[in-house]
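> Residue numbers (full-length UniProt numbering): 1 to 333.
Can you read through this structure? Questions will come right after.
Below, the structure is given as structure tokens:
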């Protein structure tokens with residue numbers, strides 16, 4: 001069990017004066033929250049994956065493939081999966097080397113810890129925070145064998161009329177020091193990827209994993225983010241905004257603190273503000289690679305762009321008893 005530090009007490013309210021409250025349901029492995037103003041979020045206990053995020057007008061902001069596996073057999077193709085404690089294929093000769101790609105958080109069953117609401121000045125809930133927890137004792141024994149470190153994760157999802165905030169706390173509850181990477185693998189829904197541009201990363205050096213894979217195909221090398229000789233070099237940034245016209249898999253390193261904006265046909269669609277998540281991955285598999293994915297529907301690659309805030313350029317060390325926290329705030333237009 002993962003304990004939440006502060007559980008709100010119930011305040012007696014007269015039925016005659018009760019203001020509109022957020023509606024919360026917790027059924028069949030899904031936790032839903034709907035604000036009185038109409039905003040909606042749904043979180044799967046499988047991976048604590050945010051499965052749906054809608055604004056008050058009912059518009060869906062996250063992409064989930066029509067062929068996504070929802071039976072717990074693999075990570076969900078879409079929404080916001082959590083990558084921890086390793087990003088991508090684990091590097092050889094590292095403590096995480098026996099873990100699956102992207103680690104263990106996105107495929108483990110999390111615990112719903114409860115909700116906290118805040119009231120508007122006119123009464124009624126103006127926002128709601130849902131808390132989820134995962135501990136090392138809750139993951140499968142095979143994963144514990146592959147990575148025996150003692151950890152606790154607390155994931156908070158806050159829904160408001162202004163947007164969606166996701167915050168992750170990583171705690172070292174063991175006696176030894178260990179290191180990790182973390183990333184929020186956000187699939188943003190768009191009408192057509194070809195009409196998308198991304199602003200806010202123009203001056204940021206990046207690693208082009210597609211170009212590197214093409215260069216190293218004959219050698220079958222793997223990218224190791226620890227900086228081994230097999231790691232690709234970082235590309236000097238240009239001052240151009242990002243447009244996606246082919247398979248794209250880039251890691252932008254130590255991005256500036258300002259907002260990242262996703263525009264569709266020149267109009268704002270999303271804005272992302274990060275805290276303690278210095279790296280940003282931009283990904284779309286494009287037609288050929290998407291066709292080889294058994295959990296991606298035909299032509300669906302056109303309807304999303306992944307803009308993933310994380311800390312993956314290096315490893316974050318966590319001493320015994322320490323807690324690390326990071327977050328992102330997303331707005332939809």
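Ideal placement from N, C-alpha and C gives every residue a C-beta, glycine not left out.
Look at the alpha carbon of residue 58 and the alpha carbon of residue 40, and state the distance between them as a whole number of angstroms.
Locating residue 58 in the chain shown gives position 58, where the first residue counts as 1. Locating residue 40 in the chain shown gives position 40, where the first residue counts as 1. Going from the Cα of residue 58 to the Cα of residue 40 covers about 8 Å.
> Within the continuous beta strand (DSSP E) that includes residue 164, where are the two ends?
To locate residue 164, count along the chain shown from 1; it is residue 164. It spans 163-172 - the beta strand (DSSP E) in which residue 164 sits, taken as one unbroken run.
> Measuring alpha carbon to alpha carbon, tell me which of 280, 298 and 19 ends up nearest residue 67.
Your numbering for residue 67 matches position 67 in the chain shown. For residue 67, the nearest C-alpha among the options comes from 298.
> Quick one: Cα of residue 188 to Cα of residue 137, how far?
Taking the chain shown and counting its residues from 1, the one referred to as residue 188 is at position 188. Taking the chain shown and counting its residues from 1, the one referred to as residue 137 is at position 137. Cα-Cα distance, rounded: 32 Å.
> Applying the 10 Å Cβ sphere with the 16-neighbour rule, what's the burial state of residue 296?
Here residue 296 corresponds to residue number 296 of the chain shown, with the count starting at 1. With 16 or more other Cβ atoms within 10 Å, it is buried.
> Among 306, 64, 263 and 119, which one has its Cα closest to the Cα of residue 198?
If you number the chain shown from 1, residue 198 lands on position 198. Closest option to residue 198, Cα to Cα, is 263.
> Does the beta-carbon of residue 218 have 16 or more other beta-carbons within 10 angstroms, so that it is buried, or is it exposed?
Here residue 218 refers to the residue found at position 218 of the chain shown. Here residue 218 scores only 45 on pLDDT, less than 50, and its place in the model is too uncertain to base an answer on.
> Starting from residue 147, trace the alpha helix (DSSP H) both ways and give me its first and last residue.
For the purposes of this step, residue 147 is taken as residue 147 along the chain shown, with counting starting at 1. From DSSP, residue 147 is part of no alpha helix (DSSP H); its letter is neither H nor E.
> Sorted by chain position, which residues of the same chain lie with C-beta nearer than 6 Å to residue 300's C-beta, five sequence neighbours on each side aside?
Counting from one through the chain shown, the residue named residue 300 turns up at place 300. Cβ neighbours of residue 300 beyond the five flanking positions: 65.
> Mind checking which residues open and close the beta strand (DSSP E) that includes residue 281?
Here residue 281 refers to the residue found at position 281 of the chain shown. Unbroken beta strand (DSSP E) run through residue 281: 279-284.
> Just curious, the beta strand (DSSP E) that residue 181 is in, first and last residue?
Here residue 181 refers to the residue found at position 181 when the chain shown is read from its first residue. First-last of the beta strand (DSSP E) with residue 181: 178-184.
> Rounded to the nearest angstrom, what separates residue 152 and residue 112 at their Cα positions?
For the purposes of this step, residue 152 is identified with residue 152 of the chain shown, where counting begins at 1. For the purposes of this step, residue 112 is identified with residue 112 of the chain shown, where counting begins at 1. Going from the Cα of residue 152 to the Cα of residue 112 covers about 14 Å.
> Since residue 213 is in the alpha helix (DSSP H), which residue starts that stretch and which ends it?
Your numbering for residue 213 matches position 213 in the chain shown. 209-215 is the extent of the alpha helix (DSSP H) around residue 213.
> What are the residues that DSSP puts in a beta bridge with residue 80?
For the purposes of this step, residue 80 is taken as the residue at position 80 of the chain shown. DSSP output for residue 80 lists 50 as bridge partner(s).
> Pick helix, strand or coil for residue 330, following the three-state DSSP scheme.
Locating residue 330 in the chain shown gives position 330, counting from the first residue. Residue 330 falls in the strand class under three-state DSSP.
> Does residue 233 come out as helix, strand or coil in the three-state DSSP assignment?
Your numbering for residue 233 matches position 233 in the chain shown. Residue 233: coil per DSSP, three-state reduction.
> Closer than 7 Å by C-beta to residue 144: which residues in its own chain qualify, once you throw out the five before and the five after it? Chain order, please.
In the chain shown, the residue the question calls residue 144 occupies position 144. Counting only Cβ-Cβ distances below 7 Å, and skipping sequence neighbours, we find 136.
> Below 8 Å between beta carbons: does that hold for residue 22 and residue 128?
By 1-based counting over the chain shown, the position of residue 22 is 22. By 1-based counting over the chain shown, the position of residue 128 is 128. Going by C-beta atoms, residue 22 is nearer than 8 Å to residue 128.
> Check whether the segment 266-282 and the segment 242-258 are in contact - that is, three or more C-beta pairs closer than 8 Å.
Because the criterion of three Cβ pairs below 8 Å is met, the segment 266-282 and the segment 242-258 touch.
> To the nearest angstrom, how far is it from the Cα of residue 142 to the Cα of residue 102?
One-based indexing of the chain shown puts residue 142 at position 142. One-based indexing of the chain shown puts residue 102 at position 102. Roughly 16 Å separates the two Cα atoms.
> Does the segment 319-331 come close enough to the segment 91-102 that 3 or more CB-CB pairs lie under 8 Å?
Because the criterion of three Cβ pairs below 8 Å is not met, the segment 91-102 and the segment 319-331 do not touch.
> For the structure I just gave you, are there three or more beta carbon pairs, one from the segment 305-325 and one from the segment 171-182, closer than 8 Å?
Short answer: they touch.
> For residue 213, which of 196, 239 and 247 has the nearest alpha-carbon?
Here the question's residue 213 lines up with position 213 in the chain shown. For residue 213, the nearest C-alpha among the options comes from 247.
> Could you have a look at residue 106 and say whether DSSP puts it in helix, strand or coil?
Indexing the chain shown from 1 puts residue 106 at position 106. Here residue 106 sits in helix by DSSP.
> Under DSSP, the beta strand (DSSP E) around residue 263 begins and ends at which residues?
Here residue 263 refers to the residue found at position 263 when the chain shown is read from its first residue. 260-264 is the span of the beta strand (DSSP E), which, as asked, contains residue 263.
> Is residue 62 closer than 8 Å to residue 52 when the C-beta atoms are compared?
Stepping through the chain shown from its first residue, residue 52 is reached at position 52. Stepping through the chain shown from its first residue, residue 62 is reached at position 62. It is a contact, given that the beta carbons lie within the stated cut-off.
> Identify the continuous beta strand (DSSP E) that holds residue 125 and give its terminal residues.
Position 125 of the chain shown, counted from the first residue, corresponds to residue 125. Note, residue 125: beta strand (DSSP E), 125-135.
> Quick check on the burial criterion: 16 or more other C-beta atoms within 10 angstroms. Buried or exposed for residue 215?
In the chain shown, the residue the question calls residue 215 occupies position 215. Answer is exposed; the Cβ neighbour count stays below 16.
> Closest to residue 244 by C-alpha separation, out of 303, 271, 60 and 193, would be which residue?
As a working note, residue 244 is residue 244 in the chain shown. Of the candidates 303, 271, 60 and 193, the one whose C-alpha sits nearest the C-alpha of residue 244 is 193.
> Could you give the distance in angstroms between the alpha-carbon of residue 130 and the alpha-carbon of residue 105?
Position 130 of the chain shown holds residue 130. Position 105 of the chain shown holds residue 105. If you take the alpha carbons of residue 130 and residue 105, they lie about 17 Å apart.
> Given residue 229, which residues of its chain have a CB within under 8 Å of its CB, disregarding the five upstream and five downstream residues?
If you number the chain shown from 1, residue 229 lands on position 229. Note that residue 229 has pLDDT 43, beneath the 50 cutoff, so the model's placement of it is unreliable and the number below is only indicative. None.
> DSSP state of residue 242, grouped into three classes?
Taking the chain shown and counting its residues from 1, one reaches residue 242 at position 242. It is a strand residue.
> Taking only the alpha-carbon atoms, compute the straight-line gap between residue 317 and residue 19 and give it to the nearest angstrom.
For the purposes of this step, residue 317 is taken as the residue at position 317 of the chain shown. For the purposes of this step, residue 19 is taken as the residue at position 19 of the chain shown. If you take the alpha carbons of residue 317 and residue 19, they lie about 46 Å apart.
> Find the nearest neighbour of residue 31 within the set 161, 114 and 211, judged by alpha-carbon distance.
Position 31 of the chain shown, counted from the first residue, corresponds to residue 31. Selected option, being the one with the closest Cα: 114.
> Secondary structure at residue 303, three-state DSSP: helix, strand or coil?
Position 303 of the chain shown, counted from the first residue, corresponds to residue 303. Helix at residue 303.
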